[in-house]
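Asker: Sequence order for the protein chains is D and C.
For the first sequence, my numbering gives the first residue as 1, with consecutive numbering after it.
For the second sequence, my numbering gives the first residue as 439, with consecutive numbering after it.
Note that the Cβ used here is the ideal one computed from N, Cα and C, for glycine as well.
Everything numeric in this text was worked out from a predicted model, so none of it was measured.
Here it is, the structure, as structure tokens.
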Amino acid sequence: MRKLIRAAILSSAVAVAGIASSAALAEDSITLSNLSYRTGPFAATGIPLMNGQRDYIMMLNDRDGGVNGVKLNYEECETGYSTEKGVECYEATKGESIVTQPWSTGITLQVLPKSNVDKIPILAPGYGFSAMQDGKTFQWAFNPPASYWDGASMILSNISDGNLDGLKGKKIAFLHLDHPYGKEPIPLFEQMAAKHGFTFLPIPVGLTEMQNQSAQWLQIRRERPDYVIMWGWGAMNAGAITEAVKTNYPMDQFIGIWWSSLDGDLKLVGDKGKGYRAISWSLPNSEAPVMQDIKKHVVDAGKSLINQGEGEFDWVFYQRGVMISMMLVEGVKAAQEHFDAKVINAEQLRWGLENLNIDEAKLEALGMSGMIPPFSTSCSDHTGHSGAWMLQWNGSKFEQASDLLTADREAIDALAKDGAAKYAEANAPWPVNEECKM
Amino acid sequence: MFYRTAGQFKTDYQSDFALFPVRQDAWLLAFILLLAFVVFPMTADEFTFRALLIPVLIYSLAALGLNILTGFAGQLSLGTGAFMGVGAYACYKLVTIFPEINLIVAIALSGFFSATVGMAFGLPSLRIKGFYLAIATLAAQFFLVWLFQKWAWLYNYSTSGAIQVPNIDMFGITIAGPNAKAITQYYVVLCVVAVVTYLAINITRGRIGRIWKSIRDMDIAAELVGINLMKAKLLAFFVSSYIVGVAGALFVFLWRGAAEANLFDIPLSFRVLFIAIIGGLGSIMGNFLGAILIVALPVLLNTVPHLFGLSISSSAVEHLNVMIIGALIITFLILEPHGLARYWQVIREKLIIWPFPH
Chain D
1 MRKLIRAAIL
11 SSAVAVAGIA
21 SSAALAEDSI
31 TLSNLSYRTG
41 PFAATGIPLM
51 NGQRDYIMML
61 NDRDGGVNGV
71 KLNYEECETG
81 YSTEKGVECY
91 EATKGESIVT
101 QPWSTGITLQ
111 VLPKSNVDKI
121 PILAPGYGFS
131 AMQDGKTFQW
141 AFNPPASYWD
151 GASMILSNIS
161 DGNLDGLKGK
171 KIAFLHLDHP
181 YGKEPIPLFE
191 QMAAKHGFTF
201 LPIPVGLTEM
211 QNQSAQWLQI
221 RRERPDYVIM
231 WGWGAMNAGA
241 ITEAVKTNYP
251 MDQFIGIWWS
261 SLDGDLKLVG
271 DKGKGYRAIS
281 WSLPNSEAPV
291 MQDIKKHVVD
301 AGKSLINQGE
311 GEFDWVFYQR
321 GVMISMMLVE
331 GVKAAQEHFD
341 AKVINAEQLR
351 WGLENLNIDE
361 AKLEALGMSG
371 MIPPFSTSCS
381 DHTGHSGAWM
391 LQWNGSKFEQ
401 ASDLLTADRE
411 AIDALAKDGA
421 AKYAEANAPW
431 PVNEECKM
Chain C
439 MFYRTAGQFK
449 TDYQSDFALF
459 PVRQDAWLLA
469 FILLLAFVVF
479 PMTADEFTFR
489 ALLIPVLIYS
499 LAALGLNILT
509 GFAGQLSLGT
519 GAFMGVGAYA
529 CYKLVTIFPE
539 INLIVAIALS
549 GFFSATVGMA
559 FGLPSLRIKG
569 FYLAIATLAA
579 QFFLVWLFQK
589 WAWLYNYSTS
599 GAIQVPNIDM
609 FGITIAGPNA
619 KAITQYYVVL
629 CVVAVVTYLA
639 INITRGRIGR
649 IWKSIRDMDI
659 AAELVGINLM
669 KAKLLAFFVS
679 SYIVGVAGAL
689 FVFLWRGAAE
699 ANLFDIPLSF
709 RVLFIAIIGG
719 LGSIMGNFLG
729 AILIVALPVL
739 LNTVPHLFGL
749 SISSSAVEHL
759 NVMIIGALII
769 TFLILEPHGL
779 ARYWQVIREK
789 LIIWPFPH
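Written out as structure tokens, the structure reads:
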């Protein structure tokens with residue numbers, strides 16, 4: 001018993017010392033929290049992304065001592081992709097963190113209305129509401145560098161070789177998760193189908209049937225669509241790809257959104273997945289200077305959490321995580337410069353994210369040219385619309401398979417304006433940024 | 439000594455049947471209410487309200503609804519999550535169709551929708567019992583969640599298929615929606631839960647409650663002494679689903695702020711069922727104890743490593759959390775299969791005779 005008490009006293013003394021030292025560190029640091037999910041049904045897709053985000057920030061802290069002399073404090077709060085835990089994490093982190101990264105369309109839905117009240121920017125790169133591009137309405141939400149509607153439009157333009165009227169009479173099946181995330185691009189597809197005369201066939205996959213999609217693929221076999229476009233996440237991607245291989249669906253007619261490009265899912269089928277394509281606004285390049293720095297400062301130093309045996313370092317998702325942290329850090333840098341401050345607050349970061357300017361020169365300086373298309377945001381455009389590339393699985397990894405694609409801005413902007421107006425109306429009184437004259 | 443009942447004489451039946459025949463029970467309740475109404479609101483911050491106090495109250499209410507059906511009337515149900523969904527969607531439609539409606543009225547009315555639906559799915563209980571009935575209510579679970587997804591009118595044809603709570607004012611104070619303060623939402627939830635609990639206590643210890651208990655214990659005997667089984671069972675489904683529906687409306691309107699159909703899927707039903715079972719079937723207080731264990735304890739455990747300045751990654755904490763909660767549930771159920779409420783009874787009896795062992 002006495003030993004036990006002694007151990008308890010000792011450990012609490014260590015703990016107190018720990019608190020004291022962390023308080024000393026807190027002077028010159030910025031907390032960037034991430035609502036991560038390394039557990040639960042979507043962990044397989046979450047882990048490489050979170051690792052990429054984490055490792056980029058760790059590399060900056062190690063190589064440059066943070067950003068302009070300020071340490072970046074990267075903190076994760078585990079949600080397991082559950083919206084309930086997400087809200088808990090949002091409430092827990094909003095005090096210290098200057099940003100919230102909700103990492104699920106469901107959690108984004110919950111925190112979006114609160115962001116106006118709590119005045120904390122939401123960074124949802126490549127996910128969330130497509131209508132969030134309207135920065136005047138969604139003042140605190142950012143989804144650079146491309147929205148789901150951009151992705152849908154670019155996929156259509158790629159499969160029709162740039163001429164959407166060429167799709168006339170064709171049948172496109174849309175295999176999607178039956179969830180706000182999967183439903184998001186449907187309005188755009190429907191509009192495009194009416195305009196260009198192709199048949200659009202939505203096939204929902206329920207959360208409980210992600211792993212067993214035999215019913216959905218039976219329907220695909222019966223309908224014989226010319227293309228299958230997939231909006232999948234987590235276990236659904238692997239389920240769909242294995243099922244497509246099983247039913248011998250031609251892989252070169254099977255295209256996924258950027259969240260359906262996890263190397264691990266395709267490794268399951270290997271050569272048989274050859275020809276599968278996915279649109280992506282990031283391009284893995286393990287030789288790029290930034291990746292080499294991460295390798296040197298984080299991975300080789302043994303500080304990374306990645307699974308090196310699996311080659312996670314080369315994965316699309318891991319390197320996309322790096323790009324996501326880059327956007328956040330560039331936002332911090334822009335804000336530091338504009339406000340001439342070292343430690344910035346949430347409102348200043350909002351300005352930074354609204355004035356992101358990622359051009360070729362900056363990418364070159366960051367050592368990541370060619371890994372993400374250049375883009376810039378403004379007070380009226382919170383997405384940036386960088387465009388994207390098509391990636392193709394060659395049997396062992398994803399390769400670039402197209403030039404930079406761009407989305408049909410005219411159709412999307414009209415739809416986004418409409419969506420934002422509807423959202424603001426349904427949530428009245430909703431504050432709109434009147435100062436923005438763009 | 440602490441709980442000395444000696445000297446508290448009852449001279450008429452009325453005082454013997456009072457809500458609190460023992461004076462200390464009343465004091466204890468007064469103390470808890472004082473904590474809930476005065477002390478917590480003065481000390482809690484927004485995180486405590488939103489992650490601990492409000493969810494515990496709402497889950498307790500949902501479990502209370504289920505407990506009336508399962509614990510008092512003996513009808514096993516796995517459709518609680520879906521009935522909560524009916525309450526939530528009904529409340530959403532009421533609020534969007536009649537924007538002028540008082541939210542409390544809307545919540546009270548939405549309970550009737552889920553009560554009607556619950557009664558309809560309770561009809562099989564007249565023929566089937568036990569596990570077979572559980573399967574029938576499981577059908578309600580799947581059907582209703584499917585309906586929430588497919589019937590676009592329910593979510594006003596929004597593209598995401600989710601419902602969003604608008605800002606709702608009552609007497610000039612915003613009580614729901616993004617602009618609402620956590621403390622006002624807490625008070626609204628607390629008042630609703632307190633009123634419903636009071637009513638539930640009185641229903642369950644009165645004539646209707648005794649009818650339910652007699653059905654639970656032996657339905658043939660109950661029928662032989664002249665109880666109309668159909669009426670009583672359907673009434674149990676009605677009352678239970680009403681409370682569950684109110685809990686569902688509170689769940690979305692005063693806590694979550696937005697909801698998609700999957701939220702009301704089977705994991706929610708199981709969660710509420712676990713709260714009721716671990717708290718203690720056939721008890722009112724058990725629901726609150728169960729909710730504290732299942733809802734609040736994981737949140738508290740999450741903050742423990744931070745308090746001691748230990749830097750464990752949040753996913754490791756989550757894994758540990760699941761293990762600890764699982765172990766606790768098993769331990770509690772092995773030590774006392776009748777749930778946490780029974781624990782309190784044992785402790786109370788010990789306190790009454792303390793310091794004597796028997």
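(1) Going straight from the alpha carbon of threonine 377 of chain D to that of tyrosine 127 of chain D, what length do you get?
(2) Do we get a CB-CB distance below 9 Å when we pair glutamate 184 of chain D with the residues of chain C?
(3) Just verifying my parser: in three-state terms, what is the DSSP assignment at phenylalanine 691 of chain C?
(4) Who does tyrosine 227 of chain D pair with in a DSSP beta bridge?
(5) For aspartate 463 of chain C, would you say it is in contact with chain D, using Cβ-to-Cβ distances shorter than 9 Å as the test?
(6) For glutamate 698 of chain C, which beta-bridge partners are listed by DSSP?
(7) Under 7 Å Cβ-Cβ, which residues of chain C neighbour asparagine 355 of chain D?
(8) Taking just the CA atoms, how far does phenylalanine 689 of chain C sit from serine 552 of chain C?
(9) Quick one: which chain D residues come within Cβ less than 8 Å of alanine 489 of chain C?
(10) For alanine 278 of chain D, which residues from the same chain have a beta carbon less than 6 Å from its beta carbon, with the 5 sequence-adjacent residues on both sides left out?
(11) How far does the alpha helix (DSSP H) with leucine 60 of chain D in it extend, from its first residue to its last?
(12) Take isoleucine 713 of chain C and list the residues in its own chain whose beta-carbon comes closer than 7 Å to its own, dropping the five residues that flank it on each side.
(13) Taking 8 Å as the threshold, find out whether the region 634 to 653 of chain C comes into contact with the region 521 to 528 of chain C through three or more Cβ pairs.
(14) Can you pull the chain C neighbours of lysine 114 of chain D, defined as C-beta to C-beta under 8 Å?
(15) Measure the beta-carbon distance from isoleucine 763 of chain C to proline 736 of chain C and round it to whole angstroms, keeping in mind my assumption that it falls under 8 Å.
(16) Keeping to the same chain, check which residues put their C-beta closer than 6 Å to that of serine 301 of chain D; ignore five residues upstream and five downstream.
(17) Glutamine 446 of chain C touches chain D at which residues, Cβ-Cβ below 7 Å?
(18) Does any C-beta atom of chain D lie closer than 9 Å to the C-beta of serine 753 of chain C?
(19) Taking a Cβ distance cut-off of 9 Å, strictly less, list which residues of the region 674 to 699 of chain C are near chain D, in chain order.
(20) The alpha helix (DSSP H) spanning aspartate 381 of chain D covers which residue range?
(21) Evaluate histidine 385 of chain D with the Cβ neighbour count: other Cβ atoms within 10 Å of its Cβ, from every protein chain shown; 16 or more gives buried, anything less gives exposed.
(22) Which residues of chain D have a Cβ atom closer than 7 Å to the Cβ of phenylalanine 485 of chain C, listed in chain order?
(23) Between valine 603 of chain C and glycine 695 of chain C, which are expected to be in contact by the criterion C-beta below 8 Å, what is the C-beta distance as a whole number of angstroms?
(24) Check whether the Cβ atoms of alanine 618 of chain C and alanine 92 of chain D lie closer than 9 Å to each other.
(25) Would you tell me roughly how many angstroms separate the C-alpha atoms of valine 322 of chain D and methionine 50 of chain D, rounded to the nearest one?
(26) Kindly give me the distance between the Cβ atoms of methionine 326 of chain D and leucine 366 of chain D, rounded to whole angstroms, as I take these residues to be in contact under 8 Å.
(27) Taking 9 Å as the CB-CB limit, is glycine 239 of chain D close to chain C?
(28) Kindly say whether valine 603 of chain C, judged by its beta-carbon, lies nearer than 9 Å to any beta-carbon of chain A.
(29) Along chain C, which residues have their Cβ under 8 Å away from the Cβ of glycine 80 of chain D?
(30) Just by C-beta distance, which residues in the region 719 to 745 of chain C are closer than 7 Å to chain D?
(31) Helix, strand or coil for aspartate 403 of chain D? Go by DSSP, reduced to three states.
(32) So, is the C-beta of tyrosine 423 of chain D closer than 9 Å to a C-beta in chain C?
(33) Determine which residues of the region 117 to 135 of chain D have a Cβ less than 8 Å from any Cβ of chain C, and write them out in chain order.
(34) Are the region 151 to 168 of chain D and the region 397 to 410 of chain D touching, with three or more C-beta to C-beta distances below 8 Å?
(35) Give a yes or no on whether the minimum CB-CB distance between asparagine 666 of chain C and chain D is below 9 Å.
(36) Please confirm whether serine 515 of chain C has its beta-carbon closer than 9 Å to some beta-carbon of chain D.
Answerer: The short version:
(1) Locating residue 377 of chain D in the first sequence gives position 377, counting from the first residue. Locating residue 127 of chain D in the first sequence gives position 127, counting from the first residue. Taking the CA atoms as reference points, threonine 377 of chain D sits about 16 Å from tyrosine 127 of chain D.
(2) Position 184 of the first sequence, counted from the start, is the residue given in the question as residue 184 of chain D. At least one chain C Cβ lies under 9 Å of glutamate 184 of chain D.
(3) Position 253 of the second sequence holds residue 691 of chain C. The answer is helix: DSSP assigns phenylalanine 691 of chain C an H, G or I state.
(4) Position 227 of the first sequence, counting from 1, holds the residue named residue 227 of chain D. BP columns for tyrosine 227 of chain D point to D:Ile172.
(5) Translated into positions along the second sequence, residue 463 of chain C becomes position 25. Aspartate 463 of chain C is outside the set of residues whose beta carbon lies under 9 Å from a beta carbon in chain D.
(6) Along the second sequence, read from residue 1 onward, the residue named residue 698 of chain C stands at position 260. Partner residues in the beta bridge of glutamate 698 of chain C, as assigned by DSSP, are C:Ala600.
(7) Here residue 355 of chain D is taken as the residue at index 355 of the first sequence, counted from 1. Within 7 Å Cβ-Cβ: nothing; asparagine 355 of chain D doesn't reach chain C, min ~26 Å.
(8) Counting from one through the second sequence, the residue named residue 552 of chain C turns up at place 114. Counting from one through the second sequence, the residue named residue 689 of chain C turns up at place 251. Rounded to the nearest angstrom, the two C-alpha atoms are 14 Å apart.
(9) Here residue 489 of chain C corresponds to residue number 51 of the second sequence, with the count starting at 1. Under the 8 Å cutoff, chain D gives Val87, Glu88, Glu91 and Ala92.
(10) Mapped onto the first sequence, residue 278 of chain D falls at position 278. Correct list, in chain order: Gly256, Ser260, Ser261 and Leu391.
(11) Residue numbering aside, residue 60 of chain D sits at position 60 when the first sequence is read from its first letter. Residues 43 to 64.
(12) Against the second sequence, residue 713 of chain C aligns to sequence position 275. Result list for isoleucine 713 of chain C: Tyr497, Ala501, Asn725, Gly728, Ala729 and Ile732, in chain order.
(13) Look at the beta carbons and you see the region 634 to 653 of chain C not touching the region 521 to 528 of chain C: under three pairs across the two are nearer than 8 Å.
(14) As a working note, residue 114 of chain D is residue 114 in the first sequence. The contacting residues are Pro616 and Gly695.
(15) Position 325 of the second sequence, counted from the start, is the residue given in the question as residue 763 of chain C. Position 298 of the second sequence, counted from the start, is the residue given in the question as residue 736 of chain C. Between proline 736 of chain C and isoleucine 763 of chain C the Cβ distance is about 6 Å, and since that is below 8 Å, they are a contact.
(16) Your numbering for residue 301 of chain D matches position 301 in the first sequence. It should be pointed out that residue 301 of chain D corresponds to alanine in this sequence rather than to serine. Counting only Cβ-Cβ distances below 6 Å, and skipping sequence neighbours, we find nothing.
(17) By 1-based counting over the second sequence, the position of residue 446 of chain C is 8. What glutamine 446 of chain C touches in chain D, judged by beta-carbon distance under 7 Å, is nothing: the nearest beta carbon there is about 42 Å away.
(18) On the second sequence, residue 753 of chain C is found 315 positions in, with the first residue counted as 1. So yes, serine 753 of chain C belongs to the interface.
(19) For the region 674 to 699 of chain C, residues whose beta-carbon sits nearer than 9 Å to a beta-carbon of chain D comprise Trp693, Arg694, Gly695, Ala696, Ala697, Glu698 and Ala699.
(20) On the first sequence, residue 381 of chain D is found 381 positions in, with the first residue counted as 1. Premise fails: aspartate 381 of chain D is in no alpha helix (DSSP H) and is neither H nor E.
(21) Your numbering for residue 385 of chain D matches position 385 in the first sequence. Buried, by the Cβ-count rule.
(22) Taking the first residue of the second sequence as 1, we reach residue 485 of chain C at position 47. For the C-beta of phenylalanine 485 of chain C, the chain D residues within less than 7 Å are, from N- to C-terminus, Glu91 and Ala92.
(23) Reading the second sequence from its first residue, position 165 is the one you call residue 603 of chain C. Reading the second sequence from its first residue, position 257 is the one you call residue 695 of chain C. With a Cβ gap of about 5 Å, valine 603 of chain C and glycine 695 of chain C count as contacting.
(24) For the purposes of this step, residue 618 of chain C is taken as residue 180 along the second sequence, with counting starting at 1. For the purposes of this step, residue 92 of chain D is taken as residue 92 along the first sequence, with counting starting at 1. No. Outside cutoff.
(25) Within the first sequence, residue 322 of chain D is the residue found at index 322, counting from 1. Within the first sequence, residue 50 of chain D is the residue found at index 50, counting from 1. Cα to Cα, the separation comes out at about 9 Å.
(26) Position 326 of the first sequence, counted from the first residue, corresponds to residue 326 of chain D. Position 366 of the first sequence, counted from the first residue, corresponds to residue 366 of chain D. With a Cβ gap of about 7 Å, methionine 326 of chain D and leucine 366 of chain D count as contacting.
(27) Taking the first residue of the first sequence as position 1, residue 239 of chain D is located at position 239. With respect to chain C, the C-beta atom of glycine 239 of chain D has no partner C-beta closer than 9 Å.
(28) The chain inventory of the structure shown lacks chain A, comprising the protein chains D and C.
(29) Here residue 80 of chain D is taken as the residue at index 80 of the first sequence, counted from 1. Here the neighbours are Glu756.
(30) For chain D, the residues of the region 719 to 745 of chain C that bring a beta carbon within less than 7 Å of one of its beta carbons are Val737, in chain order.
(31) Here the question's residue 403 of chain D lines up with position 403 in the first sequence. If DSSP states are grouped into helix, strand and coil, aspartate 403 of chain D belongs with coil.
(32) The residue given as residue 423 of chain D occupies position 423 in the first sequence. Yes, tyrosine 423 of chain D lies at the interface with chain C (some Cβ there is under 9 Å from its Cβ).
(33) Residues passing the 8 Å Cβ filter: Val117 and Phe129.
(34) Yes, the region 151 to 168 of chain D touches the region 397 to 410 of chain D.
(35) If you number the second sequence from 1, residue 666 of chain C lands on position 228. False, the Cβ-Cβ gap to chain D never drops below 9 Å.
(36) Counting from one through the second sequence, the residue named residue 515 of chain C turns up at place 77. Not a single CB atom of chain D sits nearer than 9 Å to the CB of serine 515 of chain C.
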